[in-house]
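Novice: Per the working numbering, the sequence shown starts with residue -15, numbered consecutively.
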Amino acid sequence: MAHLSRLARREEIARNGVNEAPTLPLLAIKEYLCFRCCQHHEKLLRCKGCQKACYCSKECQIDDWRIIHKNVCRVLRDVNDIESSEISSDLDWDHYTDDIRRKILFIKQLPPAKLTQNQEGDVTHVVSAQPYCATCYLTRYQLACQGVPLIPCKTCHFVSHCAKCPSNHTQDQCQYYNLIGQLEMYRLRHFEIYGTVSFIQTVGDPCELDEYRPLSSYDSWPDFFMTVPMRALQADDDDNPEYFAISATEGSTISMTIVAALEAAIPNIVDKQAITLHILGATSRESSYMLLLEDLLHLLPRLKHIHVVLCGPNAFGPISQPPREIGQDLEMYCCPECTGKGRRRSMAFFKGFYHEYARKSTSFKKPDLAVLFNSGRSQDAVESWAPTTRYLVDSGINTVCTTYTEREAMEEVAELENLHAMFVLRPEVNKWRGLVPWPELMEGKEHSAWYQNYYWYIFRGKEA
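(1) By how many angstroms is the C-alpha of Gly324 removed from the C-alpha of Pro251?
(2) Anyone know if the C-beta pair for Glu392 and Gln363 falls short of 9 Å?
(3) Tell me which residues share the same chain as Ser272 and place their Cβ nearer than 7 Å to its Cβ, disregarding the 5 neighbours each side in the sequence.
(4) Taking the alpha-carbon positions, what's the Pro371 to Leu134 distance?
(5) Tell me whether Gly445 sits in a helix, a strand or coil according to DSSP, three-state version.
(6) Secondary structure at Phe357, three-state DSSP: helix, strand or coil?
(7) Does DSSP put Trp416 in a helix, a strand or coil?
(8) Sort Leu400, Pro225, Tyr39, Arg410 by Cα distance to Lys27 and report the nearest one.
(9) Relative to the C-alpha of Ala128, which residue among Gln218, Ala113, Ala248, Cys34 is closest?
(10) State yes or no: is the C-beta of Ser200 within less than 9 Å of the C-beta of Ala248?
(11) So, is the C-beta of Thr81 closer than 9 Å to a C-beta in chain D?
(12) My guess is that Pro115 and Glu15 are in contact by the Cβ rule of under 8 Å, so how many angstroms apart are they, rounded?
(13) In angstroms, rounded to a whole number, what distance separates the CA positions of Met331 and Asp74?
(14) In three-state DSSP terms, what is Ile381?
(15) Where Val293 and Ala12 are concerned, what is the direct C-alpha to C-alpha distance, given to the nearest angstrom?
(16) Throw me the rounded Cβ distance for the His339 and Tyr375 pair, which I believe falls under 8 Å.
(17) So what does DSSP say about Leu(-9), is it helix, strand or coil?
(18) Would you kindly report the start and end of the unbroken beta strand (DSSP E) that includes Leu314?
(19) Taking the straight line between their C-alpha atoms, what separation do you get for Pro213 and Gln185?
(20) Starting from the C-beta of Pro136, find all residues in its chain whose C-beta is less than 6 Å away, skip the five residues before and the five after it, and write them out in chain order.
(21) Go through its chain and collect everything with a Cβ distance to Thr267's Cβ below 8 Å, but skip five positions before and after it.
(22) Is DSSP giving His262 helix, strand or coil here?
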């Protein structure tokens, strides 16, 4: 039964906190999958209220109404009122995304009683990714108000055109969206089987000193995969090896970016026996991939001990740990070969801002590397991040930062330049970014993509 599937119970699984669960799939918002069970059906039932949610059956519609859609539907109807009042015959991509941003702002300014945080996330996701005509830039609802059907591409299911406009997306764009859709279906299948959205692929065995190669000597992920044996967790014979490898880079980008940054910032990194990492702005995402940091022990042959501090207001540490206090060091699992060689991994948590940890904790020690993965500090919680940024520059800590887009990277660098930071590496595309493309819905060019850790840069202290 669909209602017993993991996908149909994804919110319940997420609330239990044992595993992450997928958000509402893009292919559901694009009206190819059911909003509740996430299965494809040729004829989906549309919600008569908001007209933005679709279901494979009455059963799924009733379940979704009970679980989430009752509150969401009301807000989506309000969004429809906005859309029906701003129908224009002179739109382009920039105007369309401006309209989307205004609607997102409307949603975010609603009283907290209207939507929970998770419901707000679902609504903004539905509004930003909703079907629209890629020629005249009217949404499906706006076109329906005029009695004009919207026709989705039968190959990629992402791009649509209305009955009045020709289809104008290229074959390359169609292939790009088809890959996004195939990878999304693959992730949904993986969650249904294993109950997790994480794909874990680790460096197979520790390398010896005479086998050591810096990551800068590899051309790309494919070059690395062809050279270094990898070990996949939770994969079966029916898995698509290519899709698994691509999906696994969503996690492996964490360990690989860290190793590449250590090699760029510390010339003698191969000789170090102990490394301390501070991961700033850490959330459950970083916590869920901590197993992958054993890759450092496998790629750096003399390394004996990695200590990681996950720091941030939303750091996913022990529930009993008080805010703004460093927790006890926790010893983490190592593979039998590393354990046999006396290698160790340990970690600790600090639930608060990094500048508070640095200035108030008696246990604070300057790390070999501070890491900010996709912090968004130029766009979100700007005032909260500012003291941390100043501290990192003033203290001379090696710091690597990643962003989803080039624009974010340049905004962050502008702030650092005002602080006279010295750059070890200027912003550039990160060779070790995740390989899963995510469609850019509101920024950048139409049909463009962002990636995990897409751009990166490294700074240390101030200019002389």
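Backbone N, C-alpha and C define an ideal beta-carbon position, used for all residues, glycine too.
Specialist: If we stick to the structure as given:
(1) 28 Å
(2) yes
(3) Glu4, Ser182
(4) 49 Å
(5) strand
(6) coil
(7) coil
(8) Tyr39
(9) Cys34
(10) yes
(11) Looking at the structure shown, chain D is missing, and only one protein chain is on hand.
(12) 6 Å
(13) 55 Å
(14) coil
(15) 38 Å
(16) 4 Å
(17) helix
(18) 314 to 316
(19) 10 Å
(20) Ser144
(21) Gly296, Asn298, Ala299, Phe300
(22) strand
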